[in-house]
Each structure stands twice: as C-alpha cells, then as structure tokens.
Amino acid sequence: ESRNFNQNQKFNGNTTKNDVRDDYFVRKQRIAQQRSSLPIAPVEKRILEEVRKNDTLIIVGETGSGKTTQLPQFLFNGGFGRDGKVIGITQPRRVAAVTVAKRVAEECGVELGQKVGYSIRFEDVTSSSTRIKYMTDGLLLREALLDPSLSRYSVIIVDEAHERTVHTDVLLGLLKNVQNARSRCTNQQIGLEKDNNGVLLDKENNSQCLGLLKSCQGKKLPPLKLIIMSASLDARVFSEYFGGARAVHIQGRQYPVDMLFTHHAEPDYLDATLITIFQIHLEEGPGDILVFLTGQEEIESVERLVQERAQQIPEGSQKILTVPIFSSLPSEQQMQVFRPAPSGFRKVILATNIAETSVTIPGIKYVIDPGLVKARTYNPLTGMESLIIVPTSKAQALQRSGRAGREGPGKCFRLYPESEFGKLLDSTVPEIKRCNLSNVILQLKALGVDDITGFDFMEKPSRMAIVKSLEQLFLLGALTDDYKLSKPVGQQMARLPLDPIYSKSLILASEFNCLEEMLITVAMLSVESIFYAPREKLEEARAARKCFSSPEGDHLTLINVYRASVECLEKSKRANSKDRTTERSLSKWCKENFINNRSLRHARDIHSQIRRHIEQMGLLVASCGDDTLQFRRCLAASFFLNAALKQPDGTYRAFASSQVVQIHPSSVLFRTKSDCIIFNELVRTNHNYIRNITRIDPLWLLELAPQYYATQN
Ligand code: ADP
Ligand code: MG
C-alpha cells in the first residue's frame, strides 16, 4: 500500500489524492464498459467503411444509441483528424454541444478544449489542437462567412437533423454546395474557366458556388464528408435531398413503456404536473422522473413549488432533488443533470424539449409529458414572429415517452386524454416554415447567395415570407435598392451574432452616443425573465421591482437593474477579492431584489461578448449619461417596425400589422399609458401581449424612420 502511496505522490504531487486516483481508474473502467455496451459499438467498423465509401451518409438511430458521443471518436480513430483536419459536429442546441463535448473529453481522457472542444455563440472552448469539435449549427453558418469552403473540416456531422431547425435546414443547403465545390476542386477535372481577362466565369450562374470555387482554388482540400444524423426513423427526406444518399440504421434497444393518460383535459397543466410528480414519488418504485416543460420561467417556478412541497414529505422517507435543464442554464450547472442523485434522493429533472433527443440522461424511469412545447410562429402578413405554446407532434410525444424505457421498463404519464393523442400532427412543421427569415437571408447574402428564392432549400419557405423578410432588411438598411448587401451597414449587421434588428440598434446607438446603454439593453433582452415573482410573495416582488422602475419604460428599467448588479459586484470585489464570495453576495442581492441570478449572469456574458465584437468593428462605446431622451430616440430609430399607438378604448394598435395589442402586466408601463410606444416582443396567449416597452414621441418615427413612415398613408 505504501508503494501505491508513493506513486501517487509522484503523479499528483499531493498525498491526499490517493482516493482520487483510484476513482480515476474506476471511472475510466466504468466509462469503457458503458461505451462498449452502447448499440453503436458493434457497428464501428461498418460505419467507418460506409463513411469511406460514401461522401454523404445518413445515420438513423434511436436516442441513446451513442451516435453523438461515439461517432466522432470512431472517425478520429479512423484517421479523419489527421493532417490538422477537424471533425465537426453540429447541434441545434447550445446545451447539447456543451454537455456532450464535456462527456466526450472525459471519455477520451483529455482536457476540454484540447483534442475535444466546443464552440457556441459567445463561447469558444477550442484550440489549434482540437480535432473533435462540437458546435451549434448557427455557429458553423457563421464560420462559413470567414472560411467559405470550410477548409479546416474533413467531416461535418449534422446531428439532430430531424429537429429541422431553421439553421439546420440552411446549413444542409450550404453544405451541399460546399461539398460539391470541394469535390470539383479536388478532382480538377472541371478546371475553373476564365474569360479573356483571367476573371473566373460563373458558368452555372451560381454565384455562391463560384465564390466557393475561388476560395478552394490553390488549396489541396480533401472532399468534404457529410454525415446527417437523425433520431427519426424516416431517413427518406434527407436521402432524397442528397441525391439518394445511403442510410444506415442502428438497431436500438427499448424496453416497454406503460402509457398513462388523464381521464379529462387538465385545466392547469402545471398544477397537474406538480400533483403527478408527488404521486409518482409517493406511490411508485425507485427511478428518476423526467418532466417536459416549455421554458426557463416555467421550469423555475415548478422547481420552487416542488421544493416547497417537498418539505412536507415525512422525515425518513426518500427525498426529492430537482435539477433543471434548459438552453441558457449557466454551463457549470448543466452537467448536474447527469450526476446520479445522492442516496436517499429521487432526482426530478425539469427539462425543456432539449431532453427529447438532444441529451440522454441516464437513470430515468418515469416521464411526465404535459404535451406542450414552446414554438416559433411567424405571420408573414404582419412580419411579426412570436413564441407560443402549442401541442407537441406525435413524433415528439413518442420520443418523450421513449426516455422512460432506456434502461428498463418505464412509465409515461401524459397529462391529456388519450383521445387527444390522435389529433396531434404526425411531425413538427420545419421551423423554416414558421419563422422570420431576415436573419437567415442576411447570412446567405453575406455568403454570396443573392438569389434567395433560387437557393436549394430542403423545404422552401413561402415566397411571401421571403419577400416580407427582404423588405424588413431593406427597411433596416441592410440591403441596397437592388437587394444586395449594403456596405458597410449590411456587412456589419451580418457580422454580429444577433437578430438583425438588434444588430442595427447597436450600429445606430454609436451614432446616437448611447452604445453603452444599447449594449446592456440588447444583452438583457437576449435572456429570458430577469424578474421573477413567486406566487406567495407577489407584493414583495412588486415592491422590489419598483426600485428599478423607470417611468420611461422597460428598457431603462432593465439598464437600471444591470447597473445596480454591476455596482453590487464591484462593491463586493473591493471589499473581498475572492470570486466565490463575490458571486455569493451577488446571488444574495438577486434574491433580495427578486432578480433571476441565472438570467442576469447569462446577460453579463452576452454583454461582454457583444462588446468585444463591437469594439473589433471600431464602433464607439459611449454613454448618453442622464440624457435618456437620446437613448429613447435611438430605440425609436431602431425598433420603428414595432411601434404601437394608443386607441381611444385604451388598447394599442401596432403600426406595422394593424393588430390590436395589449401591454403585458409585467411592463412598468402597464398602468401609465402613453400615446406611442415601441416594443420588443409579442407574446400570444389569449391576448396579443407586448413586452419590453418604452414610450416615445410619434413624431420621432417620421423623423427617424422616414423610409417607413413617410411612405405610409
Ligand atoms: P445518441 O446521440 O444516439 O442519442 P449519445 O451519444 O448522446 O446517444 O449518448 C450515449 C450514452 O452516453 C447515453 O447512454 C447517455 O446516457 C450517455 N451520456 C451522454 N452524455 C453524458 C454525460 N454528460 N454524462 C453521462 N452520460 C452521458
Ligand atoms: Mg444524439
């Protein structure tokens, strides 16, 4: 034993690390055992062969079969990471990219950011030695702006393709072009044709392909391997889109899952969720519970309610541990969901639809599915996009229940009557059919795709949606009269990883001398729910919020919150240099003021990242100080598309859409009704609610957005 001890000392330089080292070997062994028992493990050789034979391959396999974590490692072992080349894996969701990268780094026994890394908007954990790179699909689209032929990659795996996010769809079209261009460059059969002046000719009238060929020229690029991975059994759409590409199915494992439905429709699904959690906890055997909710706000309120009610569980019986998982969860909290609950606890995971297929959490035996999901909708007539809560599709419901049968027989509690199931859509409508396209169009234009309607979309968005989005971009000054990307504004807007309307607001703010304020605003508007108000403390929460309220509106109120939090942080830093203590005092401050600490921290991260972009672009970050008029004028100039005017009956009418809208009760302007306002968000429940509102002078619209208001009747 003493020898062991000495060796440890050498390895760790610390005698107390003895256990740690044992743990390390136990863990390593356990990981190896887990890996070899995954359904994908026996087909490693076959998959590698298929990848070598086919430039495009579709892999279909049930969630949890090991596609996301194992395939990149297979490819690495098969030599696809040689010569400095990178294996890229795209995910629709940030959390999936981060947690899977962490897991794979652990499986490989390497430090995150070295051989295995991830890159998501506002966070890059990669280095020049990264060979397996997880990222969001949106991020790869941005990378293509700087490196159109994606020359660093030998393979790109588009994961979770069945989700059909708008970024996935656009990426597939783009990758098809890149693959085509790269194979033409490598083959050199179809050399590039030049005119008499030596200028490259656009023979196929495909400006993007031409740009790509130019960027490939002179580089020795291997062909780009594409792998499309999907959890849905229907590989046909992808195969057809890629000219009859080969599909491989991985035989999954699934234990039976008991399906339970309610007798009647539930009037309050959150209440029903709560009751079901405790019913399972008190009446069913061991096993963790996975609950599908629609978003951060809902998850956090259910979390509080469960914790509160759990205090009434009698001493001595099993306790409950709640773990949330949603997209904007701070990254050090994301991995908690994978840790087994300590003994004496049952884990209750409160998740968005991220846990449907993107991340597989071990240990789940019970699934609670209220049958709802938050989805984007877009009205091309009004040009307004909003988030609404809608029933899931059948495919989603099946995926959710499947989570209960991964490691043994399980149970799924659907909180709706069985008759409702038959009424669900078979599968979800691809997002590209129900979102504002201005972001996508801006990206495509920046990539050299000028003819948007001619782009080879997997599923074409409606003409109306394209036209409306082009019009919006034009009004924002991103496009010229002939719908080309404008210089420099359009180019600058495309460089910022933000919604075009926010990018424009930052560019304008530098002219209005209020970029400091606008940066905070955009960061705060990029996160969900800064304020929270628990049911039992509504009055206290309201009083706390009053301290930050600005009579001008919600934007300045958010700025007040942000600045107060920074002040609190700095005060604590001055008094005590330890990071931990500083974080703790901020967390206390948040609690006292009913501010959501997670969201605030996320906003701070976003703020510093956008600030970096902004400074690189050379924009002047100045503050308007007490001259808030200047800031409000800038808001009017930026968000003129979202202006609303008060009606005699007290409601508002949005200029652009003529829709009747109401101020959301959470707005500081809920009671003090001004004549003219701008807003940032439309929330559709039983009313058309608008949120994040500031009062403006209607004359400013005419003055600052004549391109829109001077031509209206
Ligand atoms: P698929 O992509 O086919 O859905 P994955 O590769 O994501 O499957 O998951 C394979 C296995 O790895 C699953 O059993 C899952 O529980 C496990 N796993 C994935 N991520 C983690 C993690 N961060 N911690 C522990 N286990 C994980
Ligand atoms: Mg996966």
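Start counting at 1 in the sequence shown, then tack on 7, and there's your number in UniProt numbering.
The beta carbon of each residue, even a glycine, is placed where N, CA and C say it ideally should be.
CB contact flag (residue i, residue j, <7 Å)
i	j	result
ILE459	ASP176	no
LEU78	ARG253	no
ILE306	LEU357	yes
PHE555	VAL573	no
ILE527	ILE473	no
PHE87	ILE94	yes
SER408	CYS419	yes
PHE83	ARG138	yes
LEU515	ALA629	no
SER536	ASN603	yes
ARG171	PRO437	yes
ALA188	CYS223	yes
ILE685	ASN649	yes
THR280	ILE395	no
PHE601	ALA548	yes
ALA501	LEU449	yes
Any non-hydrogen atom of ligand 1 closer than 6 Å to residue i Cβ
i	result
LEU73	One detail in the question is off: residue 73 reads as Gly in this sequence, not Leu. Yes; taking the cut-off as 6 Å, the Cβ of GLY73 has a heavy atom of ligand 1 nearer than that.
residue 730	No information on residue 730 is available, as it lies outside the stretch 8 to 720 that the chain covers here.
ARG410	no
THR367	yes
ARG110	yes
THR76	yes
THR106	yes
THR70	yes
Three-way DSSP call (helix, strand, coil) for residue i in this model
i	result
ALA661	strand
MET525	helix
LEU454	coil
ARG101	helix
HIS271	coil
ARG42	helix
TYR716	helix
TYR262	coil
PRO705	helix
ILE473	helix
HIS288	helix
ALA650	strand
GLU710	helix
ARG10	With a pLDDT of only 25 at ARG10, under 50, the local geometry of the prediction cannot be trusted, and the value read off the model is given with reservation. In this structure, ARG10 counts as helix in the three-state DSSP scheme.
ILE375	strand
GLY180	helix
SER126	strand
PHE601	coil
ILE700	strand
GLN77	helix
HIS256	strand
GLN343	helix
THR487	coil
MET465	coil
ARG53	helix
ALA238	coil
Candidates the options: closest to residue i by CA position
i	options	result
THR251	SER308, ASN61 and SER408	One point to set straight first is that residue 251 is Gly, not Thr, in the sequence displayed. Nearest C-alpha to GLY251: ASN61.
LEU179	LEU593, ALA348, THR564 and LEU451	LEU451
LEU513	ARG611, GLY625, SER408 and GLY302	GLY625
GLU559	ASP633, LYS598, VAL628 and LYS580	ASP633
MET525	ARG618, ASN649 and ILE371	ARG618
SER334	SER664, TYR696, ARG101 and SER158	ARG101
LEU277	ILE670, ASN600 and LEU379	LEU379
SER308	VAL628, ASN695 and ARG542	ARG542
HIS256	ARG171, VAL496, VAL67 and ASP489	VAL67
SER594	LEU119, GLY390 and ARG608	ARG608
GLN637	LYS680, TRP707, GLN654 and THR658	TRP707
ALA272	LEU394, PHE245 and LEU422	LEU422
LEU432	SER400, HIS169 and SER445	SER400
CYS192	LYS183, PRO230, VAL111 and LEU157	PRO230
ALA382	THR589, GLY302, THR364 and GLN318	GLY302
ILE508	LYS491, GLU478 and LEU328	GLU478
Distance between beta carbons of residue j and residue i, contact taken as under 8 Å
i	j	result
GLU683	PHE519	Looking at the sequence shown, residue 683 is not Glu but Cys. CYS683 to PHE519, Cβ: 18 Å. No contact.
LEU676	ARG660	About 16 Å; that fails the 8 Å criterion.
PHE299	ALA238	Not quite, the Cβ-Cβ distance comes to about 16 Å (not below 8 Å), so this is no contact.
LYS326	PHE352	5 Å
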